[in-house]
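Visitor: If you count the sequence shown from 1, position 142 lands on 141 in numbering that gives the first Met the number 0, and the numbers rise without skipping. Cβ atoms here follow ideal geometry from the backbone N, Cα and C, with glycine treated the same way.
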Amino acid sequence: MTGAEILVAMLQAHGVDTIFGLPGDTGVAFYDALRDQSQIRHVMTRDERSAAFMADAYARLSDKPGVCEGPSGGGATYILPGVAEAHHSSVPLLVITSDNALSMEHQGALTALDQEALFRPVTKWSAAVKRAGLIPHMLRRAFRLMTTGRCGAVHLSFPKDILDKPVEVADIYADPACAHYPSYRTRPDSAMVARAAEKLASAARPVMICGGGIHAAHAYAEVQALAELLNMPVATSINGKGSIAETHPLAIGVAGANGGRAFTHDFIRESDLILFAGTRVNYVTSNDWTVPPRDYRGAIIQIDVDGGEIGNNLPVTAGLQGDAQMALRDLIDALRGCDSTSRAAVRERIARATAAYWSGEAAKQASDARPVRPHRIMRELLRNLPADAVIVADPGTATPFVAAQYPLAQAGRRTVIPRAHGGLGYALPASLGASYARPDQTIVCLTGDGSFGFSVGELETIARMNRKIVVIQFNNGAFGWIKELQHLHHGDRFFGVDFLRQDCAAIARGFGWLGIRVEDPRDFEPALQEGLSASTPAFIDVVSADQILETPPVIGWQVAEQRRAQAG
0 MTGAEILVAM LQAHGVDTIF GLPGDTGVAF YDALRDQSQI RHVMTRDERS
50 AAFMADAYAR LSDKPGVCEG PSGGGATYIL PGVAEAHHSS VPLLVITSDN
100 ALSMEHQGAL TALDQEALFR PVTKWSAAVK RAGLIPHMLR RAFRLMTTGR
150 CGAVHLSFPK DILDKPVEVA DIYADPACAH YPSYRTRPDS AMVARAAEKL
200 ASAARPVMIC GGGIHAAHAY AEVQALAELL NMPVATSING KGSIAETHPL
250 AIGVAGANGG RAFTHDFIRE SDLILFAGTR VNYVTSNDWT VPPRDYRGAI
300 IQIDVDGGEI GNNLPVTAGL QGDAQMALRD LIDALRGCDS TSRAAVRERI
350 ARATAAYWSG EAAKQASDAR PVRPHRIMRE LLRNLPADAV IVADPGTATP
400 FVAAQYPLAQ AGRRTVIPRA HGGLGYALPA SLGASYARPD QTIVCLTGDG
450 SFGFSVGELE TIARMNRKIV VIQFNNGAFG WIKELQHLHH GDRFFGVDFL
500 RQDCAAIARG FGWLGIRVED PRDFEPALQE GLSASTPAFI DVVSADQILE
550 TPPVIGWQVA EQRRAQAG
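Quick look at the structure:
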């Protein structure tokens, strides 16, 4: 077998069914080996960065490591942003790059660069495979590292002559546990569990804040069971959205600067104990260290699979290092029989606060104003999408509105948003990856015209692969997030943020999509229904209000806008 054939066999052994990437001259042998088998589907992308974004979303939604690949030189550098996003979002991603032949090392060959060093800062492990006989061992190690502990990315580089070289190997096998994540779950220390349980039982106003670790561990039943056992409100980070059904009477929504609600923050500020479960405690989720503040006087319990994150930013009363599902199960067992009837009134308080929030948003959600308000789009999505639909959103306009105004009726990962680096151009290619992970569910992509410019080429990929995806674009003619910052903090001194309003629906039609342009908000719901029922991918280009005209639910911006108004 050639090195390329061994590589493909090892991917097959680990249950890989989809690879995202595009060819280059150093990887032709790998493509030849892929061509001669039928187990693994190859999705040819138009940009290596898109390949990584696709594999990232696939991994988040499939519970399997995502796999992307690209050639040497520019291919390796282009793929890097998507690898960084996945790794720092704790998503298992295998990135395969090909390289110049080992015989050309240190000779100034075209496309030569130190790939190991390039990927080292954004992976758990980056290595070059310099002997074909090592391929099985290195693939097993890659899958083990990706799926154990805090999940993340791994990079392997394959020199061209290693892929070409025939070699005899006898160890082509996989560890089945590492074909999915998390593998080899760990439990927290029992003494720490007992201490945390004691604090939870005695707290008068406990609150739980859940992050992406709940999705990785599939700890949905445990989150709900512990919340109900203690009558404990549950908030989430944006990545943790869906840790509990947001229609549950104990759910208080997303916390933090981006998409947090004021009443959610009230519950956190007024608590006497916070249980952080599977979330890094950072300045975004804490709304710049105000919920909770750094001098928070209550108890803090933190569950994280990575002990290095426990107590990293706030002092903890009890730290539970381990898998979130295991840790929550242990807490539930330790608290069985706990009497929380004295906290039962919290459910009524949550119901009142939630009703008041939606009452305050009703006028905006029903607005017929032009340009179209994002609130209106959220309302129509809630009315028309099935409960298990998956929304893939870019980090701009869509993120705070999805966080605050698209409550998930079912627990589970139903939203995919890049929160590690927030790179533009993520959602369109990621929605294709999502469609392969969840082929029987409705996939909706929310993007902006700024992001669209980064990934427009993937319209062709989605059409060629015949994926049923509905894209909704907020078309406001600007890099709106930055323009809002210039508006609020730099006296409307706009620079480098405005561009032409293109007819992006016409562009989509050129790639074979159903393309609809919406300027009147009353036309959006019929357009959405047409897109959902279409036999082709659908692109709905909405001429929408920018952030200056309609401040998104970003608490710092709303406060700054109020101050500007008061100042006259």
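For Ala203, which option in Ile267, Asp113 and Ala215 has the closest C-alpha, if you only look at C-alpha atoms?
Guide: The residue with the shortest Cα to Cα distance from Ala203 is Ile267.
Visitor: Would you call the stretch 117-128 in contact with the stretch 227-246, where contact means no fewer than 3 C-beta pairs closer than 8 Å?
Guide: Touching, no.
Visitor: If Val573 and Ala526 are in contact, beta carbons under 8 Å, what's the gap, nearest whole angstrom?
Guide: With the chain covering only 0 through 567, there is no way to say anything about residue 573.
Visitor: Among all the DSSP beta bridges, which residues are the ones paired with Trp124?
Guide: According to DSSP, which records beta bridges pairwise, Trp124 is partnered with Val153.
Visitor: Whole angstroms are fine: how far does the CA of Pro551 sit from the CA of Pro399?
Guide: Cα to Cα, Pro399 sits roughly 6 Å from Pro551.
Visitor: Apart from the five residues just before and just after Val496, which ones in its own chain have a Cβ nearer than 6 Å to its Cβ?
Guide: Once the five neighbours on either side are set aside, the close Cβ partners of Val496 are Ala477, Phe478, Ile481 and Lys482.
Visitor: Could you tell me which of Arg335, Gly74, Ser37 and Val470 sits nearest to Ile442, measuring between CA atoms?
Guide: Ranking Arg335, Gly74, Ser37 and Val470 by Cα distance to Ile442 puts Val470 first.
Visitor: Any idea what DSSP makes of Ala276, helix, strand or coil?
Guide: Residue state, collapsed to three classes: strand.
Visitor: Have a look at Met207 and Ala190 and give me their C-alpha separation to the nearest angstrom.
Guide: Taking the straight line joining both Cα atoms gives about 21 Å.
Visitor: Name the residue from Gly258, Thr535, Ala220 and Leu225 whose alpha carbon lies nearest to the alpha carbon of Thr235.
Guide: Here the closest residue by C-alpha is Gly258.
Visitor: For the candidate residues Asp98, Lys63 and Ala85, whose alpha-carbon lies nearest to that of Phe29?
Guide: Checking every option, the nearest Cα to that of Phe29 belongs to Asp98.
Visitor: What residue ranges within the stretch 6-78 form continuous beta strand (DSSP E) runs of no fewer than 3 residues, ordered along the chain?
Guide: Fully enclosed beta strand (DSSP E) runs of 3 or longer: 17-20, 40-43 and 65-69.
Visitor: Measure the alpha-carbon distance for Ser156 versus Ala127 and round it to whole angstroms.
Guide: Looking at the two C-alpha atoms, the distance is approximately 5 Å.
Visitor: If you run the structure through DSSP and keep just helix, strand and coil, what is Val469?
Guide: DSSP places Val469 in strand when its eight states are reduced to three.
Visitor: Rounded to a whole number of angstroms, what is the C-alpha to C-alpha distance between Glu457 and Ala429?
Guide: Near 10 Å, if we compare the C-alpha coordinates of Ala429 and Glu457.
Visitor: Which word fits Trp512, buried or exposed, when buried means at least 16 other C-beta atoms lie within 10 angstroms of its C-beta?
Guide: It counts as buried.
Visitor: Extract the residue ranges of the beta strand (DSSP E) inside the stretch 280-317, only unbroken runs of 3 or more that lie entirely within it.
Guide: Segments of the beta strand (DSSP E) lying fully in the stretch 280-317: 298-303.
Visitor: Counting Cβ pairs, one atom from each stretch, are 3 or more of them under 8 Å apart for the stretch 79-91 and the stretch 35-42?
Guide: They do not touch, by the three-pair rule.
Visitor: Going by beta-carbon coordinates alone, are Val192 and Ala326 separated by less than 9 Å?
Guide: The answer is yes: Cβ separation under 9 Å.
Visitor: Rounded to a whole number of angstroms, what is the C-alpha to C-alpha distance between Pro187 and Gln320?
Guide: Answer to the nearest angstrom: the Cα atoms are 5 Å apart.
Visitor: Could you tell me whether the stretch 412-419 touches the stretch 37-46, where touching means 3 or more Cβ pairs closer than 8 Å?
Guide: No, the stretch 412-419 does not touch the stretch 37-46.
Visitor: DSSP on Ile416, reduced to helix/strand/coil?
Guide: Coil.
Visitor: When you compare each of Glu221, Ser366, Gln409 and Ala178 to Ala544 by their alpha carbons, which one comes out closest?
Guide: Nearest C-alpha to Ala544: Ser366.
Visitor: Kindly indicate the opening and closing residues of the beta strand (DSSP E) around Arg537.
Guide: What sits at residue 537 in the sequence shown is Ala, not Arg. Ala537 to Val542 is the span of the beta strand (DSSP E), which, as asked, contains Ala537.
Visitor: Is the separation between the beta-carbon of Tyr57 and that of Tyr435 shorter than 9 Å?
Guide: Cβ distance < 9 Å, so Tyr57 and Tyr435 count as in contact.
Visitor: Using a 10 Å radius around the Cβ and a threshold of 16 neighbouring Cβ atoms, would you call Thr17 buried or exposed?
Guide: The residue is buried, with at least 16 neighbouring Cβ atoms inside 10 Å.
Visitor: Which residues bound the alpha helix (DSSP H) around Ser349?
Guide: First, the residue type needs correcting, since residue 349 is Ile and not Ser in the sequence shown. Val345 to Gln364 is the span of the alpha helix (DSSP H), which, as asked, contains Ile349.
Visitor: How would you write the range of the alpha helix (DSSP H) that Arg516 sits in, first residue to last?
Guide: Arg516 -> not in any alpha helix (DSSP H); beta strand (DSSP E) instead, spanning Leu513 to Val517.
Visitor: Measuring straight from C-alpha to C-alpha, what distance separates Pro165 and Arg437?
Guide: Cα to Cα, Pro165 sits roughly 37 Å from Arg437.
Visitor: Which residue's Cα is closest to the Cα of Ala195: Ile300, Gly151 and Thr147?
Guide: Ranking Ile300, Gly151 and Thr147 by Cα distance to Ala195 puts Ile300 first.
Visitor: What first and last residue would you give for the alpha helix (DSSP H) that runs through Val401?
Guide: Ala397 to Gln404 is the span of the alpha helix (DSSP H), which, as asked, contains Val401.
Visitor: For Thr574, does the count of other Cβ atoms within 10 angstroms reach 16, so buried, or fall short, so exposed?
Guide: Any question about residue 574 goes unanswered here, given that the chain covers just 0 to 567.
Visitor: Look up Ala256 in the DSSP assignment and say whether it is helix, strand or coil.
Guide: Ala256: coil per DSSP, three-state reduction.
Visitor: In terms of alpha-carbon separation, which member of Asp491, Ile251 and Asp540 lies closest to Ala403?
Guide: Checked all of Asp491, Ile251 and Asp540; the closest Cα to Ala403 is Ile251.
Visitor: Taking Cβ to Cβ, would you say Ala12 is nearer than 9 Å to Tyr172?
Guide: Contact flag set, yes.
Visitor: Looking only at C-alpha atoms, which of Val283, Asp265 and Leu381 sits nearest to Gly421?
Guide: Checking every option, the nearest Cα to that of Gly421 belongs to Val283.
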